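For the record, the sequence lines run as chains A, B and C.
425 is the number of the first residue of the first sequence in our numbering; add one for each residue after it.
9 is the number of the first residue of the second sequence in our numbering; add one for each residue after it.
774 is the number of the first residue of the third sequence in our numbering; add one for each residue after it.
Even glycine gets a Cβ: it sits at the ideal position worked out from N, Cα and C.
Remember, predicted model here, so these are calculated numbers, not experimental data.
One structure below.
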Amino acid sequence: MTTTYLATRSLTKHFEVKTGLQTRGIVRAVDGIDLALHEGETLGLVGESGCGKTTLLRLLLNLLPPSEGTVSFKGCDLPALSKQELREYRRAVQPVFQNPFSSLDPRMRVDRIVSEPLRVNTSLGSIEVAARVAEVLRMVGLHASDAEKYPHEFSGGQRQRIAIARALASEPRVLILDEAVSSQDISIRAQILNLLKDLQARFGLSYLFVAHDLSTVRFMSDRISVMYLGKIVETGPTESVCRQPRHPYTQALFDACLPDDPEFPTKSSALQGEVPSPLDPPPGCRFHPRCPRALATCSQAEPLLKEIAPGHTVACALY
Amino acid sequence: MNAPMLQVRNLTVGLKRHGQVLRLVDGISFDVQAGETLGIVGESGSGKSTTALALMRLTPRSTWPHTSGQVLFDGHDILLMEEDRLRAMRGRDISMVLQDPMASLNPVFTVGKQIEEAFAVHNLCAKAERRSLAIEALRRVRIATPEQRVDDYPHQMSGGMKQRVVGAIALACQPRLLIADEPTTSLDVTIQAQYLDLLKDIQRESGMSMVFITHDFGVVARMCDRVCVLYAGQIVESAPVRTIFKNPAHWYTRALLDSVPQLHTKAERLISIAGTPPQADSRSRGCRFASRCTNAQARCLIEPPPLQEIAANHSALCWYPRESATS
Amino acid sequence: MRGLLRNSVAMFSFTVVAMLIAAAVLAPWIAPYDPVAGVLQDRLSPPVWQAGGSWAHVLGTDVLGRDILSRLLYGARVSLAVCALAILVAGCIGSALGIAAGYLGGWVEAVIMRVVDLAISLPVILIALLFGVLFGPSFGNIVIIISLLLWSQFARMARGETLKVRAQDYVDLARAAGCSSLSIMWRHVLPNVGSSLIVLATLQVGTVIIMEASLSFLGVGVPPPWPAWGSMIAEGRSYVVSAWWLCIFPGLAVLFTVLAMNLLGDELTDTLNPSLRRDLGG
């Protein structure tokens, strides 16, 4: 029975928008999300700006408390974890963020940066810590001697490798990758994606891979979830979602992707308008004002996630 | 055949650092015909942004003593032009759009005022007409309710809308050449699609030419007629867009195309290029790509490669270019 | 050309500061006379280059026959000691409060910043005079007064810089790793805001010296007979026309010190902020 490492149940996060002391409105950044990440799999999370994926990741990393709903680690809700279990959770779930220039403290040496999660969550001695730092630096294709350098001595691609090394230091089970390759050059991106795949094969890691580039998500993921304005609109196995996207928003995302082929017929983008403000989401289905296939019922009732193929769920009135 | 609108000949832009002159752009040459879109593809350090700036002579002062070559627009060399004439051309005959719309717009002025500034600087109309022309410019870039939007401040607009405003300012005076430096990199994919459609439509209506700088091959495939691939300050390949994708002659172009994950085919692993692009101060004497090339021979490491004519309009900077094969 | 100019300014400020510190530290050995004991017969003798002056007292003597040069050198000790201590105390307390306000936010920030606003709006000289009158002039009291008036500057700057640091990913990564707020403030925030605070400290030296001089001038500073530049100027004010050297030399000492420290602070700012240069990479 494969372990479900991370799961969320009706996870919701509201932010109050205040001007001075008055509350102007509520931003429903994340609204009723159900997610599960199993052992050894990569779940790709796709969404554009304002969809709430940054907030979702912060909730999963325990950096923000949820307004409603729960985040659970190995079946246990986060607030209910004991101190020991919390440490295990922090060792097991590690983030890698997008910007390698702000992910590394410029005043800290690489060895201290890489070993931070290890030192805080375990009681290993300094010799063992140093050995582990050397080991993970080698794993990501850097040299053990790089441990004594400072971040500014490295290029963007190398810094991202250091960030990955830090994530690996505590022998994690889950890596949360937030646009981890988006800011890299194409050739460096390929190197890092290959590295991530190798590490996954070697250590049986699970990845939550957040990206806006569908091709990269397709390459990395076993399953894909699509987010729009705080809700998940479609989830399914990668092949199923990519070959036959069901939700009109997912279809629009695929249509908007530009293939690397000048002769591939490009449809003029069917999706007009912009993402509405999360302060005032449209009633009913949040996508209906921009949806080319909206029905009358779409503005009244919010559709629930329905399974339309094995493992493939969609939240849409059309199904 | 008409003379090309823009002719760049042997452009070199250098920078002095620690007593050494580093050539950010090293002897590049290309043409842009009227009405066509030229794509310039490259990674960091290739010199693509410096090229964009050089085309309008906007490079920093520290590079001027180390800049040589010609940038001929309608036969007149931009690098030698008097300041007044150049300023009259900028924004009017040649315009530019940059990557970050937040940095391109002044936060303390309304959007309308910033578009009006373009008209004012080039004295294109009476003062009273400027506002209505600004509203028209917003309408042209497909911003809804432009009569209200014209008085908005940049912070009241989304990223996609801001980038359209930047486009409106650049297109206000109907330029004949638009230089776009990664204009959609910071936009969401659906917004990018809308924006590129817009540019394509405007190009079709006005017949303007574009120089499109990007690292995204999808954008290249959609927007460009011809492509130049830049590596370490040099153009390593230049060809029509179809040829670049189907039959690239340079090993770097081929490797770059292979390292991009495809949307419509499933791959287990990406073919990545080993190593990193060279820094400006540590380039090899021979071919600059040789140390990372899967096909490098002894000669490549020592002698700088010649520019070979592969076919009509297709050239590559290589000793042993790829044979045309089934790609 | 600009580089050369910049460098010569840096050299000048470094040299002056070094000389001042040397003078202060070596005063007991290089001062020709005891700054406190005066020889009444030699009172009010002018500097050596004026009629009536002698090499015995190069810069002249004051009302009580005390050698000006020696008093300047010992005065440097007092001024620089007050500076160093006041800035250290104000810097530590102000920075700690500012970092806490910036990092913790919420009511902590609100309370601290309101106190800072209050502190900044207090009338400086009035408070100092009040303090001096209530507790009497002494070295310790003057350090306390000046610190009280200075800490808010550090708090404000520390908070501003902390907000920038808090927005960086490495802080979130440290939180995700389980580091406590205190540990993050000490290990991540402080080293990154430190350079700005050091620059601020250098720029405050000028302010502190003038404050000390003003307080001594008003009579609530370092008590006589110990020399302090401010009180030297105060004592000499009845003799501005007849014995100008009593005021001018201590005045020049204040001027050069403040100038040199400000230039040094400017140099440090430029050195520590290279990120403002535009990158020509791609």
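Would you identify the three-state DSSP class for residue i, choosing helix, strand or coil?
| i | result |
| --- | --- |
| A:V495 | strand |
| C:L858 | helix |
| B:P248 | strand |
| B:K274 | coil |
| A:H794 | Because chain A spans 425 through 743 in this model, residue 794 of chain A falls outside it and cannot be assessed. |
| B:I210 | helix |
| A:P503 | helix |
| A:R562 | helix |
| C:K937 | helix |
| B:Q107 | coil |
| C:I1021 | helix |
| A:Q371 | Residue 371 of chain A lies beyond the stretch modelled for chain A, which goes from 425 to 743, so this question has no answer here. |
| B:N18 | strand |
| C:S1048 | Annotation note: pLDDT 47 at C:S1048 (below 50); position unreliable, no value reported. |
| A:D458 | strand |
| B:E125 | helix |
| A:E440 | strand |
| C:I801 | A small fix is needed here, since residue 801 of chain C is Pro in this sequence, not Ile. It is helical. |
| B:V100 | One detail in the question is off: residue 100 of chain B reads as Arg in this sequence, not Val. B:R100 falls in the coil class under three-state DSSP. |
| B:T334 | Per-residue confidence for B:T334 stands at a pLDDT of 43, beneath the threshold of 50, marking its modelled position as unreliable; the derived number appears in the next sentence. Reduced to three states, the DSSP call for B:T334 is coil. |
How would you write the range of the alpha helix (DSSP H) that residue i sits in, first residue to last?
| i | result |
| --- | --- |
| A:E465 | Neither: A:E465 is in no alpha helix (DSSP H) and is coded neither H nor E. |
| C:Y1012 | Looking at the DSSP string, C:Y1012 is not in any alpha helix (DSSP H), and its letter there is neither H nor E. |
| C:L946 | 942-950 |
Residue i: buried (16+ other C-beta within 10 angstroms of its C-beta) or exposed?
| i | result |
| --- | --- |
| B:P314 | exposed |
| A:V564 | buried |
| A:Y743 | exposed |
| A:G720 | Sequence inspection shows Ala at residue 720 of chain A; the Gly mentioned does not correspond to that position. A:A720 is exposed by the Cβ-count criterion. |
| A:G628 | exposed |
| B:S290 | exposed |
| B:I102 | buried |
| A:E492 | exposed |
| B:M218 | buried |
| A:V560 | buried |
| A:G697 | exposed |
| B:G241 | buried |
| C:R932 | buried |
| B:K56 | buried |
| B:D196 | buried |
| B:H84 | exposed |
| A:E472 | buried |
Can you tell me where the beta strand (DSSP E) holding residue i begins and where it ends?
| i | result |
| --- | --- |
| A:M644 | Note, A:M644: premise wrong, no beta strand (DSSP E); alpha helix (DSSP H) at 638-644. |
| B:A319 | 315-319 |
| B:T75 | 75-81 |
| B:V29 | 28-40 |
| B:R234 | 234-239 |
Does the pairing of the segment 144-163 of chain B with the segment 185-193 of chain B give three or more beta-carbon distances under 8 Å? no
Interface residues of the segment 513-527 of chain A facing chain C [CB-CB below 7 Å]: R514, P519, F521, N523, S526, S527
Using Cβ-Cβ distances below 8 Å, what residues of the segment 665-696 of chain A are close to chain B? C666, A676, L677, F678, D679, A680, C681, L682, P683, D684, D685, P686, E687, F688, T690, S692, S693, L695, Q696
Cβ contact check for the segment 904-918 of chain C and the segment 986-1002 of chain C: 3 or more pairs under 8 Å: yes
Stretch-stretch touch, CB-based, cutoff 8 Å, three pairs: the segment 888-897 of chain C with the segment 937-948 of chain C: no
Can you list, in chain order, the residues of the segment 928-942 of chain C whose Cβ is nearer than 7 Å to any Cβ on chain A? Q941, D942
Would you call the segment 68-80 of chain B in contact with the segment 625-640 of chain A, where contact means no fewer than 3 C-beta pairs closer than 8 Å? no
Report yes or no: do three or more beta-carbon pairs, one from the segment 45-63 of chain B and one from the segment 109-124 of chain B, lie closer than 8 Å? No: fewer than three Cβ pairs fall under 8 Å.
The segment 645-652 of chain A contacting the segment 297-315 of chain B, beta-carbon criterion three pairs below 8 Å: no
Return the residues of the segment 599-610 of chain A that lie within a Cβ-Cβ distance of less than 8 Å from chain B, sorted by chain order. Listed by position along the chain: D609, I610.
Check whether the segment 1021-1033 of chain C touches the segment 977-993 of chain C, counting contact only when three or more Cβ pairs, one atom from each stretch, lie closer than 8 Å. yes
Can you pull out the residues from the segment 640-663 of chain A whose beta carbon lies closer than 7 Å to at least one beta carbon of chain B? T640, R642, F643
In chain order, what residues of the segment 789-820 of chain C put their CB closer than 7 Å to some CB of chain A? none
Would you check if there are 3 or more beta carbon pairs closer than 8 Å linking the segment 240-252 of chain B to the segment 313-327 of chain B? yes
Within the chosen definition, does the segment 862-872 of chain C reach the segment 915-924 of chain C through at least 3 CB pairs nearer than 8 Å? yes
Using a Cβ-Cβ cutoff of 9 Å, what residues of the segment 476-505 of chain A are near chain C? List them in chain order. R482, L485, N486, L487
I'd like to know if the segment 849-859 of chain C and the segment 1008-1019 of chain C are in contact, where contact means that at least 3 CB-CB pairs between them fall below 8 Å. no
Using Cβ-Cβ distances below 7 Å, what residues of the segment 961-972 of chain C are close to chain A? Residues passing the 7 Å Cβ filter: H961, P964, N965.
Cβ contact check for the segment 598-612 of chain A and the segment 632-639 of chain A: 3 or more pairs under 8 Å: yes
Using 8 Å as the threshold, is the segment 710-727 of chain A in touch with the segment 667-681 of chain A, meaning 3 or more CB pairs across them? yes
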